[in-house]
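In what follows, a structure is listed as structure tokens, so that the remarks can point back to it.
Number of protein chains: 2
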Amino acid sequence: MSPTTLTVPLADDFHVHLRQGALMNAVTPLLNGSGLATAYVMPNLKPPISSTDQALAYKAELQKLAPGINFLMTLYLGPELTPDEIRKAAKAGIAGVKSYPRGVTTNSDSGIESYTAYYPVFAAMEEHDMVLNLHGEIPSDPENDICVMNAEERFLTHLQQLHTAFPKLRIVLEHATTRAAVEMVKSLGETVGCSITVHHLALIVDDWAGCCHNFCKPVAKFPHDRAALREVVKSAHPRFFLGTDSAPHPRHTKEAPQTVAGVFTSALVLPYLATILDGFDALDSLRPFACENGRRFYKLAPRTADSATAALVKEPVQVPQEYAYVDDEGNKRSVVPFMAGKTLTWSLRN
Amino acid sequence: MSPTTLTVPLADDFHVHLRQGALMNAVTPLLNGSGLATAYVMPNLKPPISSTDQALAYKAELQKLAPGINFLMTLYLGPELTPDEIRKAAKAGIAGVKSYPRGVTTNSDSGIESYTAYYPVFAAMEEHDMVLNLHGEIPSDPENDICVMNAEERFLTHLQQLHTAFPKLRIVLEHATTRAAVEMVKSLGETVGCSITVHHLALIVDDWAGCCHNFCKPVAKFPHDRAALREVVKSAHPRFFLGTDSAPHPRHTKEAPQTVAGVFTSALVLPYLATILDGFDALDSLRPFACENGRRFYKLAPRTADSATAALVKEPVQVPQEYAYVDDEGNKRSVVPFMAGKTLTWSLRN
Chain A
1 MSPTTLTVPL ADDFHVHLRQ GALMNAVTPL LNGSGLATAY VMPNLKPPIS STDQALAYKA
61 ELQKLAPGIN FLMTLYLGPE LTPDEIRKAA KAGIAGVKSY PRGVTTNSDS GIESYTAYYP
121 VFAAMEEHDM VLNLHGEIPS DPENDICVMN AEERFLTHLQ QLHTAFPKLR IVLEHATTRA
181 AVEMVKSLGE TVGCSITVHH LALIVDDWAG CCHNFCKPVA KFPHDRAALR EVVKSAHPRF
241 FLGTDSAPHP RHTKEAPQTV AGVFTSALVL PYLATILDGF DALDSLRPFA CENGRRFYKL
301 APRTADSATA ALVKEPVQVP QEYAYVDDEG NKRSVVPFMA GKTLTWSLRN
Chain B
1 MSPTTLTVPL ADDFHVHLRQ GALMNAVTPL LNGSGLATAY VMPNLKPPIS STDQALAYKA
61 ELQKLAPGIN FLMTLYLGPE LTPDEIRKAA KAGIAGVKSY PRGVTTNSDS GIESYTAYYP
121 VFAAMEEHDM VLNLHGEIPS DPENDICVMN AEERFLTHLQ QLHTAFPKLR IVLEHATTRA
181 AVEMVKSLGE TVGCSITVHH LALIVDDWAG CCHNFCKPVA KFPHDRAALR EVVKSAHPRF
241 FLGTDSAPHP RHTKEAPQTV AGVFTSALVL PYLATILDGF DALDSLRPFA CENGRRFYKL
301 APRTADSATA ALVKEPVQVP QEYAYVDDEG NKRSVVPFMA GKTLTWSLRN
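Read top to bottom, the protein sequences are chains A and B. The first sequence begins at 1 in UniProt numbering and counts up by one. The second sequence begins at 1 in UniProt numbering and counts up by one.
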């Protein structure tokens with residue numbers, strides 16, 4: 001008989017967007033009671049979080065909204081980030097630096113080549129043991145046959161080069177979506193990790209073709225790519241771990257002629273994950289994938305027998321159609337979660 | 001100096017959806033003065049056009065709305081279509097039969113699952129020289145790694161088999177989107193033709209990722225696929241011709257959580273085409289691609305010196321944001337055309 005309950009240590013989400021202002025106020029409290037211990041927070045605000053002081057101020061805001069969560073903060077890789085700032089950030093407990101392709105693509109065909117401009121920053125990060133988080137896509141370029149479907153695969157040589165140049169620098173390839181990415185990360189050394197989202201374990205290209213709420217970057221790819229993600233999670237490979245890339249957007253910006261990229265999963269991370277893993281007979285991997293592997297890579301204290309736990313139970317729960325809030329201009333808005341209105345087979349026991 | 005005027009015979013669109021009811025009444029008159037002579041009309045209405053009588057009644061409706069257009073009618077391939085009905089249809093001047101794989105696009109729920117069941121129908125079509133129009137995709141099937149990005153390529157062996165089984169049957173692979181499709185059609189005999197849309201000469205996957213108005217089936221694919229379409233059109237290959245697959249949908253069904261497939265191009269076919277072809281230095285191919293190759297394949301009377309013409313001129317025209325109409329329930333609706341609000345570099349001289 002297959003299990004109907006599953007108790008695990010509180011889980012860790014090593015990639016989450018918590019926004020700012022009214023949207024931050026709406027989504028961050030949903031982490032309370034979500035079964036998560038850790039939220040590794042992305043710095044792509046307006047303006048980007050590019051200094052230690054900004055990151056700490058942002059962290060204080062988040063902490064008020066979800067007092068029980070351990071917020072790990074990141075800085076945005078850009079020209080203003082100096083080795084000196086890295087030293088300051090490391091001292092203040094900032095965990096990592098996030099690189100977005102557009103931040104490094106100024107007048108360069110393949111963009112990522114300009115990573116060399118950041119080598120002094122990476123050297124300082126390596127010295128101070130900060131983590132480099134890579135959005136692993138190169139910009140689309142039809143002349144060179146690069147588009148959203150192969151932008152990740154074409155990025156992988158850059159990951160390889162960075163690892164070779166900075167073998168002790170811990171690097172995370174974020175939100176992997178392809179078999180090629182899984183194979184590349186597996187082939188590299190112990191300092192290279194890889195986060196995988198909840199939704200990429202569920203979606204293929206068909207699911208976002210015409211469906212704005214499943215559209216995110218990197219886009220979900222071929223069935224064989226999803227199969228590779230599922231296999232590596234099921235195998236409990238120690239360098240692959242949960243990073244949801246949960247990315248809330250107001251409904252009207254998703255359901256628009258040009259939609260925005262992002263899938264919102266924060267409120268129900270563990271029910272989604274248990275349901276999806278159970279669907280391919282990988283429930284046993286929930287604990288290493290979501291509660292252990294990331295902690296080890298990020299050098300957080302390991303789980304002990306008396307760590308707080310989350311209890312999952314095989315009882316259906318319906319995903320809300322939306323989470324309503326009022327935006328900074330006073331408009332009634334909502335965020336549509338992943339699988340809105342659908343029924344998950346696993347839920348959290350309160 | 002590059003040309004600034006181009007006069008061609010009235011063009012032929014060998015694949016168009018003209019709908020029914022209020023939407024038909026709204027879009028069909030846009031063919032008047034569009035520079036088109038021929039509209040090869042798809043049968044995927046509700047219910048599908050599956051008999052000669054239905055097709056002729058539909059043709060009469062269309063003819064009232066656009067008296068100058070030569071409407072060529074098709075039947076929907078399904079279990080109720082018999083060799084007897086084929087004989088009747090051929091006698092009545094019905095031009096072809098359209099095959100939809102089940103469930104892959106708008107109103108295709110009654111589409112085919114296996115071709116062999118239809119071999120008696122195809123034999124009758126071959127005997128009576130009717131054309132078989134294939135929506136060349138197989139249904140997505142993640143277990144077998146089939147998704148919207150490879151559904152056309154995986155279909156091509158079926159095209160090859162049909163051509164081998166019925167070498168004299170004229171078959172058109174509709175709205176090709178891949179290099180593999182172009183190569184396959186080129187490799188087959190004189191009885192196999194291929195239509196290409198306006199929008200697939202312009203779009204790649206990035207353009208519909210997150211943009212509902214560019215979403216259609218088959219989806220636009222990789223840059224190298226678009227390049228193959230452009231190359232074969234530029235080469236004026238005699239078995240490749242215009243079929244727009246223009247497919248109007250009301251705006252609210254496009255801008256929805258789950259959008260519908262289709263791009264609307266009927267109102268401005270020639271300005272789109274001239275603009276796009278000029279963009280890759282293929283303006284000279286407009287005439288063979290849009291005015292000659294299809295006619296020859298479909299055995300229509302060839303153009304003569306005194307055929308009616310369309311005059312294109314290199315003067316900008318703005319694509320309307322939408323075409324408004326009132327639906328059958330009295331609601332104000334609109335259809336958003338391809339490249340809405342953008343400026344085309346070529347326009348029709350009135």
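Glycine included, each C-beta is placed from N, C-alpha and C at the ideal position.
First and last residue of the uninterrupted beta strand (DSSP E) at H200 of chain A: Looking at the DSSP string, H200 of chain A is not in any beta strand (DSSP E), and its letter there is neither H nor E.
Can you tell me whether K46 of chain B is buried or exposed? The criterion is at least 16 other CB atoms within 10 Å of its CB, across all chains shown. If you draw a 10 Å sphere on the C-beta of K46 of chain B, you find fewer than 16 other C-beta atoms in it, and that means exposed.
Are the CB atoms of F289 of chain A and V233 of chain A within a distance shorter than 7 Å? Contact: yes.
Can you give me the Cβ contacts of H128 of chain B inside the same chain, cut-off strictly under 7 Å, excluding the 5 residues immediately before and after it? Result list for H128 of chain B: I86, R87 and A90, in chain order.
Distance check for E153 of chain A and V317 of chain A, CA to CA, integer angstroms please. Whole-angstrom Cα-Cα distance: 36 Å.
Give the residues from the region 190-211 of chain B that approach chain A closer than 7 Å (Cβ to any Cβ), ordered along the chain. Here the close residues are I204, V205, D206, A209, G210 and C211.
Are the beta-carbon atoms belonging to T275 of chain A and T345 of chain A less than 7 Å from one another? It is a contact, given that the beta carbons lie within the stated cut-off.
Mind the definition here: the region 336-345 of chain A touches the region 234-252 of chain B only if three or more C-beta pairs lie below 8 Å; say whether that holds. Short answer: they don't touch.
Buried or exposed for E174 of chain B, going by 16 or more other Cβ atoms inside 10 Å? With 16 or more Cβ atoms within 10 Å of its Cβ, E174 of chain B is classed as buried.
For T116 of chain B and Y298 of chain A, I'd like the C-alpha separation in whole angstroms. The straight-line gap from Cα to Cα measures roughly 58 Å.
To which residues of the same chain is T106 of chain A closer than 8 Å at the C-beta, ignoring the five residues directly before and after it? The predicted model places T106 of chain A with a pLDDT of 35, which falls under 50 and marks its position as unreliable, so this point remains unresolved.
Buried or exposed: which applies to K221 of chain A, given that a residue is buried once 16 or more other Cβ atoms fall within 10 Å of its Cβ? Buried, because 16 or more other Cβ atoms sit within 10 Å of the Cβ of K221 of chain A.
CB of L75 of chain B within 7 Å of CB of V41 of chain B, strictly: Result no, Cβ atoms of L75 of chain B and V41 of chain B do not sit closer than 7 Å.
Strictly under 7 Å for the Cβ-Cβ distance: is D145 of chain B near chain A by that measure? Closer than 7 Å: yes.
Would you please verify whether the beta carbon of residue 351 of chain A is less than 7 Å from any beta carbon of chain B? Given a span of 1 to 350 for chain A in the structure shown, any question on residue 351 of chain A remains unanswerable.
For the region 169-192 of chain B, enumerate the residues whose C-beta is nearer than 7 Å to any C-beta of chain A, in chain order. When CB distances to chain A are screened at a threshold of 7 Å, not a single residue of the region 169-192 of chain B falls below it.
Under 7 Å between the Cβ atoms of T157 of chain A and D225 of chain A? Not closer than 7 Å, so no.
How many angstroms separate the CA atom of G35 of chain A from the CA atom of R239 of chain A? Rounded to whole angstroms, the gap between the alpha carbons of G35 of chain A and R239 of chain A is 22 Å.
With T7 of chain A as the anchor, note down where its alpha helix (DSSP H) starts and where it stops. According to the DSSP assignment, T7 of chain A belongs to no alpha helix (DSSP H) but to the beta strand (DSSP E) extending over T5 to P9.
Element boundaries [beta strand (DSSP E), containing I204 of chain B]: DSSP places I204 of chain B in no beta strand (DSSP E); its state is neither H nor E.
Please check if any C-beta of chain B sits within less than 7 Å of the C-beta of residue 404 of chain A. In the structure displayed, chain A extends from 1 to 350; residue 404 of chain A sits before or after that span and is not available.
Between which two residues does the beta strand (DSSP E) harbouring S334 of chain B extend? Boundaries of the beta strand (DSSP E) around S334 of chain B: K332 to V335.
Give a yes or no on whether 7 Å exceeds the smallest Cβ distance from F280 of chain A to chain B. Chain B contact via Cβ: absent.
Residues, ordered as in the chain, of the region 307-341 of chain B that lie near chain A by beta-carbon distance below 7 Å: Of all residues in the region 307-341 of chain B, none is placed with a Cβ closer than 7 Å to any Cβ belonging to chain A.
Residue closest to V182 of chain A, alpha-carbon to alpha-carbon, out of A:H200, A:G330, A:F122 and A:S2: If we check each option's Cα against that of V182 of chain A, A:H200 comes out closest.
Look at the alpha carbon of R287 of chain A and the alpha carbon of Q258 of chain A, and state the distance between them as a whole number of angstroms. CA-CA distance, R287 of chain A to Q258 of chain A, rounds to 38 Å.
Does T259 of chain B come within less than 7 Å of chain A when only Cβ atoms are used? Yes, contact with chain A.
Taking the C-alpha atoms as reference points, what is the distance between E190 of chain A and T82 of chain A? T82 of chain A has its alpha-carbon roughly 26 Å from the corresponding atom of E190 of chain A.
Assign R349 of chain A to one of three DSSP states: helix, strand, or coil. In the structure shown, the three-state DSSP call for R349 of chain A is coil.
Does any residue of chain A bring its CB to less than 7 Å from the CB of S140 of chain B? It does: the Cβ of S140 of chain B has a partner Cβ on chain A nearer than 7 Å.
Which residue marks the beginning of the beta strand (DSSP E) containing I171 of chain B, and which one marks its end? It spans R170 to L173 - the beta strand (DSSP E) in which I171 of chain B sits, taken as one unbroken run.
Given a limit of 9 Å on CB to CB distance, which residues of the region 61-73 of chain A reach chain B? For the region 61-73 of chain A, there are no residues whose beta carbon sits under 9 Å from a beta carbon of chain B.
Within the chosen definition, does the region 19-33 of chain A reach the region 62-70 of chain A through at least 3 CB pairs nearer than 8 Å? Yes, since at least three Cβ pairs between the region 19-33 of chain A and the region 62-70 of chain A fall closer than 8 Å, the two stretches touch.
Whole angstroms is fine: what's the gap from T309 of chain A's alpha carbon to K254 of chain A's? Whole-angstrom Cα-Cα distance: 35 Å.
With respect to the alpha helix (DSSP H) encompassing F122 of chain B, which residues constitute its N-terminal and C-terminal limits? First-last of the alpha helix (DSSP H) with F122 of chain B: Y119 to H128.
Whose C-beta lies closer than 7 Å to the C-beta of T244 of chain B among residues of the same chain, with five residues either side of it excluded? Its chain contains D13, H15, V16, T197, V198, T265, S266 and V269 as the residues whose beta carbon lies nearer than 7 Å to that of T244 of chain B, once the 5 sequence neighbours on both sides are disregarded; these appear in chain order.
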